[in-house]
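Heads up, the thing below is written out as structure tokens.
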Amino acid sequence: AVSCTIKLDTEGQAPTIVLYKNDESAVLGNYTNVVDFKAHLGVVEATDLDDIAQYKVWGSITEAATEGEATWRTFSPASGQTYMSVSLALTTGDGLKTIYVKLKDEAGNEGSSASATVTLDTVAPIIDVNSVDYNVISNVHSQRLTSSGVEITGTFSDKMTFKFSSDSKLKQYKVCVNATGQQAATATAIPNAGGSINMTGTNLEANTEVTCTIMCADFGNTNEVNNVDGTYTVIVYGQDEADNWSAILTI
């Protein structure tokens, strides 16, 4: 007698989808300022990974807007991986984006769909500065020599204060001295060893006012000033949750 075993498979597999930055260095999070990204597609039951034959994706992506427009593609994870990495691009226009995925197994069963969302935000936050108190600071209150050697007499402060706020939530902010070719991401904040206040901060809610104090000792100890008299520009940089840095705002 001859016998054989037949596996009856009538159920599709539930997918998973996780969005990553395009270089796959980190999970995308709730916000992004770039359209290109990677989607890691997997299966809820990892033991069923080998049964998956095809996948299709659609939604707020350039490949397909609807499930009907989506094309079935071969599901082929890299060796040793429990997911397949797929390169995708969001549709243009800021706002909430939703990406869907569905899997098909070797028996032709389609599972339920899964989705992931991200908000595309390409608009830089706007920083507003006000209540600036003293734009000339000196450790010598009665006089100060400028870089041109001209003596100025009068009353000066050993600190400068100002207030600022942002029109959107900031992931981080920093107060810096401007330097030629300076970039927001790599700019160094004014130190606070001499008593300066709020030179850096995180998780600042929108329209929340921050009072900053720059002490002359800290200002002079920056690489940009190096205790040399002169005229310098102070800048507030703010980075929102989508990694957009504010435009240069000088004080």
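Quick note, the numbering used here runs 261 ahead of the 1-based positions in the sequence shown.
Idealized CB from N, CA, C, for every residue including glycine.
On a predicted model such as this, the values are computed, not experimentally measured, just so you know.
Cβ-based burial, residue i [other Cβ within 10 Å; buried from 16]
| i | result |
| --- | --- |
| W319 | buried |
| W506 | buried |
| Q274 | buried |
| V384 | exposed |
| A287 | exposed |
| G372 | buried |
| A232 | Here the chain comprises residues numbered 262 to 512, so residue 232 is not present and cannot be evaluated. |
| S321 | buried |
| V489 | exposed |
| V379 | buried |
Sub-8 Å separation of residue i and residue j beta-carbons
| i | j | result |
| --- | --- | --- |
| F298 | L349 | yes |
| E485 | A445 | no |
| M421 | D394 | yes |
| I387 | S427 | yes |
| T343 | G303 | yes |
| V436 | Y493 | no |
| K365 | S374 | no |
| A325 | A331 | yes |
| N272 | N370 | Correcting the residue type first, residue 272 is Glu in the shown sequence and not Asn. Against a cut-off of 8 Å, the Cβ pair of N370 and E272 comes out as a contact. |
Rounded separation between residue i and residue j - CA only
| i | j | result |
| --- | --- | --- |
| M476 | I278 | 50 Å |
| N468 | D501 | 13 Å |
| V295 | L351 | 8 Å |
| Y316 | W333 | 5 Å |
| T449 | T461 | 10 Å |
| S346 | Q433 | 30 Å |
| V495 | G341 | 51 Å |
| Y498 | Y292 | 19 Å |
| Y361 | F480 | 51 Å |
| G456 | N391 | 21 Å |
| E470 | S429 | 12 Å |
| K282 | A503 | 12 Å |
| K424 | Q443 | 23 Å |
| T447 | T323 | 33 Å |
| S376 | G491 | 56 Å |
Rounded Cβ spacing between residue i and residue j (contact assumed at less than 8 Å)
| i | j | result |
| --- | --- | --- |
| E367 | D312 | 6 Å |
| P452 | N487 | P452 to N487, Cβ: 13 Å. No contact. |
| L465 | L431 | 4 Å |
Along the chain, which unbroken stretches of the beta strand (DSSP E) at least 3 residues long are found entirely within the segment 300–340? 313–320
Report the start-end ranges of each beta strand (DSSP E) in the segment 466–495 that is 3 residues or longer and not cut off at the edges. 471–476
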